[in-house]
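To start, the structure itself, in C-alpha cells.
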Amino acid sequence: MPSVPNWQIGREMEYPYDAPPVQKQVAYVFDTNKCISCQTCTVACKTSWTSGKGQEQIFYNNVETKPWGGYPMAWDQRLQEKQGVAEWKGDTLASKTIFETSEAMQPPTGHRPAESDYASPNLSEDDVGGGMADLGQYFNGVHPMWMFYLARICNHCTLPACVAACPRKAIYKRPEDGIVLVDQERCRGYQECVKACPYKKVFYNIIGRVSEKCIGCYPRVEQGDVALCVESCIGKIRMHGFLTTQGEPRRDNPLDYIIKIRKLALPLYPQHGTQPNVYYIPPVHVPDPYLEQLFGPGVEAAKDLYRNLIEDRELLGALLLFGSSNRLLTRFEVTDTEAIGWDVDGKEVTRVPFIEPSFIREAHDERHGAVRTNCP
Amino acid sequence: MSDMAPSEPTAPDTSKGLGGFGYLLAGIMAMPLAILIAWWGLRPVAKSAGDGPSQASAAVSAAGGSTAAAMTDPAAPSGIVVAKVDQLGDPNPFAPFWNDAAACDVKLLPQSMTTPALLGIGIDAISIRAARDAQDIAFRLTWTDTTPDQHVDTGRFCDAVALQFPLTPGASPMMGFGGGKVHIFHWKGIWQSDVEHGYQDDTDLHPFTYQDFYWFAEGCSIRDSFKDPRSHAWLIAYSAGSPMAIFTRTQPVEECFAAGFGSLTTRPRRLVRGNGAWTRDTWTVVIQRALSTDDAEEHQFDPAKPTQVAFALWDGAKGQVGGRKMWSMWNEVTYAP
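Protein sequences appear in the order of chains A and B. So in the working numbering, spot 116 of the first sequence is number 120, and the numbers just go up one at a time. So in the working numbering, spot 110 of the second sequence is number 111, and the numbers just go up one at a time.
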C-alpha cells in the first residue's frame, strides 16, 4: 500500500491510492461559536437534493448537538470504540489511522450503522455534557455544563475512506476541485462506503438501492457559487472556497489563510486519517480534552486566536467575509476599515466594514418640538 | 457506457504498482492455509474425453458429493451433465424433468483473493442440475439456507447466486482476473421478490412509514405513483439508469460481463430468465437462457462442446454482498446425448 503525506496528522500514512493532488481542493470553514442549530442549512439541502422517495433518512447536511447528539446515532463514538483514543506527540499522530488498523484484505476500519440508527435525525438535541447539575449550583463565570452545535456535511476528504473502500471504484474524487461523488450508474449498493466513511456521510438509498452522498453542490460550484447550505446559513457561520493544493498556501486566499496559515479552523477527527476538508473553529467554552479528540492538538491555540480576534485585524477581516456573498471567494484583502472579497472570476463581490455605518436618531425632534419614540 | 465490454474504472487503479503476480501472491498469502490446501484440491485440471473422474471431481466426491452416475459407474461422465429434455418451458424450479437430471455437488470456498475478502465461511456447498431442450439450457441450483433474505436496507442484504462462464480461453474463474473475460448470470432474492410482489417499497421494510407527498408524484407508492417525469428528479439512481433501480423488473436475473475484480458490468440485454423459490430451508433457483444468441460476444452453449461454469453464492443474513461471497473454481459441463 502506498505511503502518502497527511499534513493534518503530521506524518505519512498508508493509503490504497497514490493519486496526484487535485488541482484545488474544495473546503469549508464552520464557526461553531456562531451556530444556533436553526437547521436552515439542513432544510435547504434536504429540499434541494434529498426530498425524494428513498431519501427520507438521508441528510447530506445535518446539525447535531455535541457531546451526545449524532446522526446516525453515535456515528463517531462507535468508530472511536474500535480505534481507541487518539494519541498525539506534538502535532504528530502517534496512534493509527483507520487505514492502518484495518485487517488484511479488508477495507478501512469502520462500522455500518443499523437501519434504526437513522431513526432520529436530531437525537439528544440541546442535551448538555459536563455531568449532572448539583443542587444549588449557579453560574459563576464558567459554565460547568456545556454543549455546542456541530454542523456536518461530507468532508470531501483528500484521502477518502469511501473511495478506498469501494471495490468497484464507483466513488471518485474530481481532479478539478476535489469533490467526492458516487457514480449512481456504477454503484451496486454493497455499502462498503457506508461502513468505511468515518463521518457516516454516505447513505444507502433503499429505493435506488445504491449509495449516495453530499454532492458538494457541484452544479453551483462549477458556476462559482457557494453550496446551498452555505448560502442559506442565517448565522453566517460558513465560508466556502478552495484550499491551494498546487504550491504553497496563499495568504490572500481566505481558506488557506484561516486554515493553513493561521490554523484557526481545525479538521474534524483528523486521527482517522482521511484528511477531511470541513474545518471547524472550535467552541471556546468547551473543555479541551473533549475538543482535542474531535479536532486534534491545535484546539487551545485556535481558541486563543479566536479570543484575541479583536486585536487580529487580518484574521477578523477574513471572518467578516463569512456569509457576505453567494460567490465562492478565492481572494481577499483587509484594509483599515473593511474586508474585500473577490470571486472565482476575479470580480470584487463583497466589501464588509469592520464597523457598520450607524446613524444616531436624536430622541427629541427639534423641528417639531416632539419626543420621538422607537415604535415602528 | 458500452454494453459490450466491462467499463473502465473511474478512479485510480488500486493495483497500480502491484502487478498481477503481486496481487495473486498477496491474495494467496492472505489465505488461511487450510483453505489454500482445499483450494488446491479443487484447482481445475485439464481433462480429455475418456479420462476417469478428474482430480477436481474426485475432490468433490471426497467432500461428500458427485453425480449419482459417477458414484456408481466410474466410466460415466463426471461434473455437470446437461440432461436432454423435450421441453424446458418457463424456468420452473420444480418441473418434473429435474428428477431425471443428475445432481452435482460443488464445494464453495470463501473469496479471499481481493478486498473485501469474506471473513469466516458461508454456505459451502451447492447442488447443480442442468437440462436443455432444442433451444434453451437451464441450470437448477439448490442450497441450504435457513433464512430467505429477500430485502435490502442499510446493513441488510439479500441471498444471491451467480453462474459464470468463460468468454476467453483460460479465463480465471475469479471474475476473469488476470486478463480474461467472463459472462455472468446473476440471480438475487430481492429481484425474485420484485418480480413476484412488485418493487420493494419502504412500507415493505417499515410498515408504519408515512409520507405526506412526493413532488409531482400521484401518491407515495414507488410501484405506481411516479408516472410524471418531473417526479423522477429526486430518484437519482433511477434517472441515472442504474441497473439496481429497475422499478418494472420482469426477471430476477441479470447478465453481466467482467474482466477482473471490480469490473462487473450489467448488460442491458436481458435474454436470461430465472425463477427461484425458498422452501424448507432450501433455495431452489433456475437460471435459463437460449443455447445460442445472436451476439458473438456472449457465451454460447454448444451441445457438441463441453464448457465450464463457476458459481458464487451469497448468504444475505450473514452480510454477504459483492466480493464477500463463497465461490467455486471452474466445473466442467458436458451434455448428455
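Glycine included, C-beta positions come from ideal geometry on N, C-alpha and C. Just so you know, these numbers come straight off a predicted model, no measurement behind them.
Item: Rounded separation between H198/B and K100/A - CA only; Value: 48 Å
Item: F83/B: first and last residue of the uninterrupted beta strand (DSSP E) it sits in; Value: The displayed chain sequence assigns Val, not Phe, to residue 83/B. Segment 81-85, the beta strand (DSSP E) holding V83/B.
Item: Any 3 or more C-beta pairs closer than 8 Å across the stretch 222-241 of chain B and the stretch 177-184 of chain A; Value: no
Item: C-beta neighbour in chain A for S194/B, strict 8 Å; Value: no
Item: Below-8 Å beta-carbon distance, G220/A vs any chain B residue; Value: no
Item: Range of the contiguous beta strand (DSSP E) that encloses E18/A; Value: 15-18
Item: Per-residue contacts from Y142/A into chain B (C-beta, under 7 Å); Value: The premise fails here: Y142/A is roughly 45 Å from chain B at the closest Cβ pair, so nothing lies under 7 Å.
Item: Outcome for V33/A when other beta-carbon atoms lying within 10 angstroms are tallied against a minimum of 16; Value: buried
Item: Touch test, the stretch 57-76 of chain A against the stretch 254-262 of chain A, Cβ-Cβ under 8 Å, three pairs minimum; Value: no
Item: C-alpha gap between T335/B and A103/B, whole angstroms; Value: 12 Å
Item: Contact set for S49/B: own chain, Cβ-Cβ below 8 Å, skip 5 residues either direction; Value: Its pLDDT being 32, under 50, S49/B is placed unreliably in this model, and the value from its coordinates should be taken loosely. Answer for S49/B: no residue qualifies.
Item: C-alpha gap between E91/A and L97/A, whole angstroms; Value: 6 Å
Item: Close-in-space but distant-in-sequence residues of the same chain around A78/A (CB under 8 Å, 5 per side omitted); Value: D121
Item: Within 8 Å, strictly: CB atoms of P25/A and Q188/A; Value: no
Item: Any non-hydrogen atom of the ligand ZN closer than 7 Å to I263/A Cβ; Value: The ligand ZN is not among the ligands present in this structure, which contains no ligands whatsoever.
Item: CB contact below 8 Å: A231/A versus chain B; Value: no
Item: Own chain residues within Cβ distance below 7 Å of E318/A, not counting five before or after; Value: V338
Item: Rounded straight-line distance, which links the Cα of G277/B to that of G190/B; Value: 8 Å
Item: Cβ-based neighbour list, C390/A, same chain, cut-off 6 Å, excluding 5 preceding and 5 following; Value: Within the shown structure, residues of chain A are numbered from 5 to 380, placing residue 390/A beyond reach of any answer.
Item: Nearest to P301/A (by Cα), restricted to the options R178/A, K50/A, D95/A; Value: D95/A
Item: Buried or exposed (CB count within 10 angstroms, at least 16 for buried), H184/B; Value: buried
Item: Cβ contact check for the stretch 225-236 of chain A and the stretch 123-138 of chain A: 3 or more pairs under 8 Å; Value: no
Item: Backbone secondary structure at L332/A - three-state DSSP; Value: coil
Item: Residue-chain proximity (K240/A, chain B), Cβ-Cβ < 8 Å; Value: no
Item: Which of helix, strand or coil DSSP assigns to P274/A; Value: helix
Item: Closest by C-alpha distance to E216/A, when choosing among G263/B, P167/B, Y239/B, V83/B; Value: Y239/B
Item: Contacts of M327/B in chain A (Cβ-Cβ under 9 Å); Value: Those do not exist, as M327/B stays about 15 Å from chain A at its closest Cβ, beyond 9 Å.
Item: Proximal residues, the stretch 236-252 of chain B versus chain A, C-beta separation under 9 Å; Value: L236, I237, A238, Y239, S240, A241, G242, S243, P244, M245, A246, F248
Item: Listed by chain order, chain B residues near N209/A by CB distance under 7 Å; Value: A238
Item: Simplified DSSP assignment, three categories, for Y64/A; Value: coil
Item: Assigned exposure category for V375/A - 16 Cβ within 10 Å defines buried; Value: exposed
Item: Cβ shell of L119/B (< 8 Å), same chain only, five flanking positions each side left out; Value: P111, Q112, S113, Q321, G324, R325, K326, M327
Item: Reduced DSSP secondary structure (H/G/I, E/B, other) of V223/A; Value: The sequence given here places Pro at residue 223/A; Val does not occur at that position. P223/A falls in the helix class under three-state DSSP.
Item: Rounded straight-line distance, which links the Cα of K240/A to that of E298/B; Value: 58 Å
Item: Assigned exposure category for Y142/A - 16 Cβ within 10 Å defines buried; Value: exposed
Item: Distance between A163/B and W188/B (C-alpha atoms, nearest Å); Value: 6 Å
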